[in-house]
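Novice: The numbering used here puts the first residue of the sequence shown at 41, with every later residue one more than the last.
Dumping the structure here so I can ask a few things about it.
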Amino acid sequence: MSNLEKYIEAFKTTFELGDESALPALKYQDIEAWDSVGHMALIAELEDAFDIMMDTDDIIDFSSFEIGKEIMAKYDVAL
41 MSNLEKYIEA
51 FKTTFELGDE
61 SALPALKYQD
71 IEAWDSVGHM
81 ALIAELEDAF
91 DIMMDTDDII
101 DFSSFEIGKE
111 IMAKYDVAL
């Protein structure tokens with residue numbers, strides 16, 4: 041599985057999404073599941089999937105699917 045596939049799977053699993061077509065435009069609180077608790081579940085899923093530990097500032101700044109890609113690059117995760 042590629043890094044992009046793992047990244048997409050983390051979103052789909054955390055937010056119980058069947059269709060990934062809406063992911064590129066997805067932002068924090070766009071869907072009910074992406075609340076503060078869902079946010080931390082997503083971060084935990086990503087940290088586990090990529091064996092990383094995100095800084096607090098990056099966790100706070102992780103506000104959309106696309107911004108998340110930029111943040112993941114800081115941890116040498118090429119998507």
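All C-beta atoms, glycine included, are put in the ideal place defined by N, C-alpha and C.
Just so you know, these numbers come straight off a predicted model, no measurement behind them.
1. Only counting the same chain, and skipping five residues up and downstream in sequence, which positions put a Cβ closer than 7 Å to that of Met93?
2. Can you tell which of Lys109, Glu85, Glu72 has its C-alpha closest to the C-alpha of Pro64?
3. Is Met80 buried or exposed, if buried means 16 or more other CB atoms sit within 10 Å of its CB?
4. Can the beta-carbon of Ser103 be found less than 8 Å from the beta-carbon of Tyr68?
5. For a test of the three-state rule: what should DSSP assign to Ser104, helix, strand or coil?
Specialist: Result, derived from the coordinates:
1. The residue given as residue 93 occupies position 53 in the sequence shown. Here the set comprises Glu87.
2. As a position in the sequence shown, residue 64 is number 24, starting the count at 1. When only C-alpha atoms are compared, the closest one is Lys109.
3. Locating residue 80 in the sequence shown gives position 40, where the first residue counts as 1. Exposed: under 16 other Cβ atoms inside 10 Å.
4. Sequence index remark: in the sequence shown, residue 103 carries index 63 (1-based). Sequence index remark: in the sequence shown, residue 68 carries index 28 (1-based). A contact, by the Cβ cut-off of 8 Å.
5. Stepping through the sequence shown from its first residue, residue 104 is reached at position 64. Note: Ser104 maps to strand in three-state DSSP.
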